[in-house]
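Chains as they are written, first to last, in my numbering: chain B, 36 to 464; chain X, 126 to 720.
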Amino acid sequence: MRKSWQRLAAGTAAVLMLSLVLSACSGVKKEETGAAGTGNGKSITLRIMWWGSQARHDATLKALDLYSKNNPGITFEPEYQSFDGYQDKLSTQSAGKNTPDIFQMDAAWFNDWASSGRLEDLSSIPTDNIDKALLETGTYQGKLYAMPLGNNAWGMVYNKTIMDSLGVQPPKTWDEFFAMARDLKPKLAKDQYLTRDLTADSASYMTYQLSMGKGFSMSKDGKFHYDEATWKDWMNKWAQLRKDHLVPPPDVTVSDKSQDAQMDLLIQEKILLRGAHAAEFGGTDALKPGVMALTTQPRGTQAGGWLKASMYWSVSPNSQYKEEAKKFIDWFVNSQEAGDILGTSRGIPVNKTVADALEPKFTDVDKNALGLINEVSKDGAAFDPGPGNKGGWANFTKEYDNITQSIMFGKISIDDGWNQIVKLSKSLD
Amino acid sequence: MNPFRMFRIDYVFFFSFAAFIAVLITIMMIVSYRFSANEQADSASMYQQAVLQQLNKQLTDQMSAVEQTSLAVAINSPLVNYLTMKGDYYARKTARDELNRDYLAPMLNSSRSMFSFQIYMSEPLQVDPNANIQYLPLAYASRESWYPAVDKADFVWIGQREVGSPQGKQQVISFIRKITTLDGVNRGILIINVRVKFLQDILTEDNSSASRLLLDSGGRMIMHTRIAPPPGEIDAILKEVSGDAGHAHQLLQAAGSLPEKNMLTVWSRTAPGSWMLVELTPWKDITGGSVRLAWTMAAIGAAAILLSVFFTLFLSRNFTVPIRKLVQLMQAFNPGKPGLPLPTEYRNEFGSLFSGYRKLTERIETLYQSLEQQYKAQREAEIKALQAMINPHFLYNTLDQLNWMALEAGQEEISRVLELMGQMFRIGLSGGESMIPMQDELLHVECYLKIQQFKRGKGLEWEIDCPEDLRQLLIPKLTLQPFVENAIVHGFHGRCHGRVVLYAAHEDRGIRIRIRDDGVGLRDDWKTRRRHPAGGYGIRNVTERIQVFFGPPFGVSLRNRTDGSGTEAEIYLPKLTQQLDLEGGRSDVDARNRG
Chain B
36 MRKSWQRLAA
46 GTAAVLMLSL
56 VLSACSGVKK
66 EETGAAGTGN
76 GKSITLRIMW
86 WGSQARHDAT
96 LKALDLYSKN
106 NPGITFEPEY
116 QSFDGYQDKL
126 STQSAGKNTP
136 DIFQMDAAWF
146 NDWASSGRLE
156 DLSSIPTDNI
166 DKALLETGTY
176 QGKLYAMPLG
186 NNAWGMVYNK
196 TIMDSLGVQP
206 PKTWDEFFAM
216 ARDLKPKLAK
226 DQYLTRDLTA
236 DSASYMTYQL
246 SMGKGFSMSK
256 DGKFHYDEAT
266 WKDWMNKWAQ
276 LRKDHLVPPP
286 DVTVSDKSQD
296 AQMDLLIQEK
306 ILLRGAHAAE
316 FGGTDALKPG
326 VMALTTQPRG
336 TQAGGWLKAS
346 MYWSVSPNSQ
356 YKEEAKKFID
366 WFVNSQEAGD
376 ILGTSRGIPV
386 NKTVADALEP
396 KFTDVDKNAL
406 GLINEVSKDG
416 AAFDPGPGNK
426 GGWANFTKEY
436 DNITQSIMFG
446 KISIDDGWNQ
456 IVKLSKSLD
Chain X
126 MNPFRMFRID
136 YVFFFSFAAF
146 IAVLITIMMI
156 VSYRFSANEQ
166 ADSASMYQQA
176 VLQQLNKQLT
186 DQMSAVEQTS
196 LAVAINSPLV
206 NYLTMKGDYY
216 ARKTARDELN
226 RDYLAPMLNS
236 SRSMFSFQIY
246 MSEPLQVDPN
256 ANIQYLPLAY
266 ASRESWYPAV
276 DKADFVWIGQ
286 REVGSPQGKQ
296 QVISFIRKIT
306 TLDGVNRGIL
316 IINVRVKFLQ
326 DILTEDNSSA
336 SRLLLDSGGR
346 MIMHTRIAPP
356 PGEIDAILKE
366 VSGDAGHAHQ
376 LLQAAGSLPE
386 KNMLTVWSRT
396 APGSWMLVEL
406 TPWKDITGGS
416 VRLAWTMAAI
426 GAAAILLSVF
436 FTLFLSRNFT
446 VPIRKLVQLM
456 QAFNPGKPGL
466 PLPTEYRNEF
476 GSLFSGYRKL
486 TERIETLYQS
496 LEQQYKAQRE
506 AEIKALQAMI
516 NPHFLYNTLD
526 QLNWMALEAG
536 QEEISRVLEL
546 MGQMFRIGLS
556 GGESMIPMQD
566 ELLHVECYLK
576 IQQFKRGKGL
586 EWEIDCPEDL
596 RQLLIPKLTL
606 QPFVENAIVH
616 GFHGRCHGRV
626 VLYAAHEDRG
636 IRIRIRDDGV
646 GLRDDWKTRR
656 RHPAGGYGIR
666 NVTERIQVFF
676 GPPFGVSLRN
686 RTDGSGTEAE
696 IYLPKLTQQL
706 DLEGGRSDVD
716 ARNRG
């Protein structure tokens with residue numbers, strides 16, 4: 036009798052202990068989940084900003100999603116837009132110490148940014164398989180400040196479907212180019228032209244001057260290299276075309292918004308060709324699939340195009356998460372899974388291994404871009420990033436656009452324009 | 126039906142204890158849940174109100190910044206110039222580009238809250254619905270749903286909508302202000318779009334899982350985080366709202382998109398007529414702690430019940446063990462056989478119970494034994510009585526035979542004696558009746574006297590005087606003969622003649638019979654010398670019988686005669702006309718007679 040009572044008591048005690056232990060366990064569990072919920076400081080949001088076409092936006096967003104999935108706790112706050120206004124926005128953010136953690140950088144502004152300490156040193160990212168020549172373009176005083184993302188070339192995009200139906204090939208030389216603008220017009224619709232008015236297009240003029248053997252119109256060392264004869268020749272040719280209504284009226288020309296479904300004159304088939312980078316071609320093709328093709332810039336005495344890195348990733352030195360940002364860039368350029376998603380959205384990938392693995396999967400679009408790069412690399416110039424914004428060049432660029440637009444709208448004569456430009460160049464350091 | 130009388134004590138004990146604890150725990154559960162749920166709702170709503178107040182302030186700050194910016198933009202002269210500019214395309218384009226480049230774009234680029242501008246004007250140069258800074262024809266504005274609101278007011282906030290941007294369609298909240306020149310002419314409409322996500326981030330920066338709504342002064346939803354209740358439910362929520370801050374427990378209508386209907390709503394606004402932040406928290410999230418508390422109580426209760434189960438089992442066992450033992454003992458009790466040993470270790474009520482039971486059984490045992498003895502004695506008496514009944518018959522028959530033998534032998538005198546003796550026996554038997562008529566009793570006495578006369582000759586004289594009406598009354602049989610015998614034995618002691626007189630007379634309710642002799646009288650020590658071999662016994666027998674049958678005042682008395690020598694016996698009897706019911710008494714009397 037006594038024994039059995041003892042056993043019962045022991046059993047009861049055991050049950051009570053068990054229930055206590057269980058409740059204690061559940062309590063612990065709750066704390067753990069609570070700790071996981073707050074993330075323990077591991078929840079990181081990286082701000083990232085780039086410019087590009089919708090195709091590039093889509094590919095990049097997809098890559099960001101994959102990265103977030105593979106790296107729990109890291110999310111992105113993407114900001115993206117077209118190239119127009121991108122530099123302004125980035126500069127304003129930089130002035131407010133509010134640049135995104137990661138942002139796309141262009142060769143043209145790289146020196147400005149690197150020299151003014153607005154970029155983080157990225158030398159710790161492995162670059163074994165990356166083209167040394169391209170890496171060099173993102174290096175300032177021996178340190179890598181901008182990770183190149185792709186091979187790019189400056190050439191032309193043209194409406195192959197219409198050109199083929201008209202039985203013509205894109206112009207190989209500037210002579211052919213201007214002749215074609217005149218000859219083709221009768222075969223085109225009333226508001227359809229070979230090209231828009233390039234009077235106010237500084238990049239096209241630079242290509243023209245380069246192809247005429249006069250070099251870049253402004254150079255990395257901050258020198259003014261505009262050649263008066265070449266420039267006036269260029270302006271006069273366009274004035275003549277404008278006068279003869281062989282290019283769109285100025286208000287149509289200024290309304291052109293590249294890679295916008297409604298406002299891109301090329302997409303609207305108002306014009307048949309335009310200067311373009313190889314890396315942009317995916318975005319253009321997406322707006323009008325299978326219609327466009329790439330070719331080189333017209334030649335003068337020599338080739339007019341150039342090779343350059345498509346763009347770069349840079350990291351803000353003000354970022355709270357520099358290491359995470361660098362880790363992301365490493366993944367972005369060196370991992371095959373990123374390469375598979377991104378394709379050639381930023382040109383031919385700079386990582387040779389990734390590019391080689393990608394090559395069998397190349398679409399017609401990719402092959403087009405690769406073709407242009409190969410063609411340009413034969414005798415094209417290396418890109419000169421120019422003087423950047425320092426030494427009054429920012430104002431020069433702005434004023435130059437105003438002057439050339441004034442010429443285009445017929446407000447001032449070409450000679451007046453040239454005089455104003457020369458006068459402007461005097462204020463440069 | 127009282128369970129305390131119906132079922133086994135230990136079961137009743139056990140179940141009532143368990144039920145009591147269960148009820149107690151349940152009540153505690155309910156009470157603690159009620160109290161703590163209300164406590165938690167109160168404290169949660171206090172906390173939420175503080176948070177909402179804070180958020181409200183942040184939002185208000187952001188929004189008033191937007192409002193101020195819009196005013197600055199609307200009175201900016203390059204903008205007004207551009208809006209009022211007519212004619213030359215290039216001039217207008219340049220004005221616009223400079224406006225964008227030098228004023229509007231930097232403003233957007235430097236602001237985290239402002240996302241895009243939309244400017245409605247009479248003749249925009251170019252309409253780009255996907256730009257950061259959009260110039261749109263005024264004609265478009267009148268098609269917008271917000272137009273009537275702006276038409277009546279100079280500025281207004283409008284709720285969540287979609288606008289085109291360089292990043293595609295984006296959800297924004299917009300501040301709309303009319304651009305009016307100093308001369309009072311309306312030149313256009315300025316819209317500043319704030320990205321919803323930016324405001325949502327403010328509203329969710331404390332990582333709250335609750336759903337928050339921003340309502341304008343008219344109760345229209347500007348934006349929301351997580352879940353958006355349909356307008357009907359917002360109206361229902363607003364009905365509960367009173368004051369600038371408060372909370373309510375609400376059951377929303379089923380129509381909504383909310384998975385949870387039972388909500389704690391907390392609201393806060395900076396001033397009446399200002400925007401209001403409402404926070405909806407599922408009630409079950411609030412009361413989660415209370416539910417856990419209640420379950421903990423339930424767990425403790427279950428443990429307590431379990432424990433009390435063992436405890437009550439232990440208690441009831443120990444209380445019922447002696448009772449069951451007693452029951453067992455009582456069932457096993459068999460008088461006359463040695464019983465099971467009674468527990469002796471109890472000193473309490475059970476001890477009393479056991480000792481009481483022991484006394485009871487002892488008394489039963491004693492009674493049983495005496496009853497058994499009595500029964501034995503009764504059996505013996507019955508046998509004796511039967512034997513006694515056989516003896517007289519046998520004697521009587523033998524006497525009859527002797528009588529014949531005496532007649533044959535010519536012994537007339539012996540024959541006569543035997544005849545008298547037979548007569549006496551017959552009366553003595555009297556069919557077993559204990560009461561006989563006086564007449565028979567007197568005849569019995571006369572027979573005895575006649576027999577004595579044979580022995581004593583003419584020396585014996587007697588006289589019997591009895592009224593006729595007394596002769597039919599019943600008296601106990603063989604009542605008189607011992608006195609007569611006594612009178613002869615004592616009265617003739619040492620003499621050769623004597624006289625016996627017997628009178629019977631009415632007296633009150635009874636009969637008084639006197640028997641006198643003229644002998645030597647009673648000796649002085651007659652009362653102490655009772656044990657005379659013959660006579661004393663007979664008289665005592667009669668005396669006792671009369672006592673048993675009738676009791677006082679009836680009885681016998683003996684004394685010396687006062688009017689001369691001799692003894693007088695006086696017998697006082699009731700007048701009986703029928704047999705007494707002597708069921709109880711007779712055996713007693715018989716037993717005395719024989720014992």
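Heads up, the beta-carbon is just placed ideally off N, CA and C, and yes, glycines get one too. As the structure is a computational prediction, the values presented were derived from the model and not from experiment.
Residue i to residue j span [Cα, whole Å]
i, j, result
"aspartate 286/B", "leucine 307/B", "18 Å"
"threonine 692/X", "glycine 461/X", "55 Å"
"leucine 647/X", "glutamate 588/X", "21 Å"
"glycine 474/B", "histidine 312/B", "No information on residue 474/B is available, as it lies outside the stretch 36 to 464 that chain B covers here."
"glycine 423/B", "glycine 257/B", "8 Å"
"lysine 509/X", "valine 673/X", "21 Å"
"valine 203/B", "alanine 216/B", "12 Å"
"phenylalanine 579/X", "phenylalanine 519/X", "24 Å"
"lysine 484/X", "arginine 130/X", "27 Å"
"leucine 300/B", "serine 254/B", "30 Å"
"valine 609/X", "threonine 486/X", "53 Å"
"alanine 380/X", "valine 403/X", "In this prediction, alanine 380/X has a pLDDT of 46, which is less than 50 and means its spatial position is unreliable; what the coordinates show is noted afterwards. Straight-line Cα distance between these residues: approximately 19 Å."
"valine 542/X", "isoleucine 576/X", "6 Å"
"glycine 445/B", "aspartate 268/B", "17 Å"
"tryptophan 86/B", "leucine 342/B", "20 Å"
"lysine 222/B", "alanine 214/B", "14 Å"
C-beta neighbour in chain X for residue i, strict 8 Å
i, result
"valine 350/B", "no"
"aspartate 286/B", "yes"
"threonine 134/B", "no"
"glycine 131/B", "yes"
"glutamine 122/B", "no"
"valine 289/B", "yes"
"methionine 298/B", "yes"
"phenylalanine 397/B", "no"
"alanine 274/B", "no"
Identity of the residues DSSP links to residue i by a beta bridge
i, result
"lysine 402/B", "None; lysine 402/B has no bridge partner."
"glycine 680/X", "Tyr697/X"
"tyrosine 175/B", "Lys178/B"
"serine 351/B", "Bridge partners of serine 351/B: none, in fact."
"tryptophan 189/B", "His312/B"
"histidine 631/X", "Ile636/X"
"tryptophan 587/X", "Val625/X"
"threonine 692/X", "Asn685/X"
Any C-beta of chain B under 8 Å from that of residue i
i, result
"aspartate 167/X", "no"
"proline 203/X", "no"
"aspartate 135/X", "no"
Contact under 8 Å by Cβ, residue i with residue j
i, j, result
"asparagine 187/B", "alanine 344/B", "yes"
"isoleucine 244/X", "leucine 315/X", "yes"
Cβ of residue i within 8 Å of any chain D Cβ
i, result
"serine 441/X", "Among the protein chains in the structure shown, which are B and X, there is no chain D."
*If we count Cβ pairs, one from each stretch, closer than 8 Å, do we get three or more for the segment 397 to 411 of chain B versus the segment 111 to 130 of chain B?*
no
*asked:* Quick test of the definition: if touching needs 3 or more C-beta pairs under 8 Å, does the segment 411 to 418 of chain B touch the segment 388 to 396 of chain B?
replied: no
*Below 8 Å, can you find three or more Cβ-Cβ pairs linking the segment 476 to 491 of chain X to the segment 444 to 464 of chain X?*
yes
*asked:* Using 8 Å as the cut-off, can you tell me whether the segment 128 to 140 of chain B makes contact with the segment 321 to 340 of chain B, which would need three or more C-beta pairs spanning the two stretches below that distance?
replied: no
*Cβ contact (3+ pairs, closer than 8 Å) linking the segment 209 to 219 of chain X and the segment 280 to 293 of chain X*: no
*Would you call the segment 285 to 302 of chain X and the segment 320 to 327 of chain X touching, i.e. three or more CB-CB distances under 8 Å?*
yes
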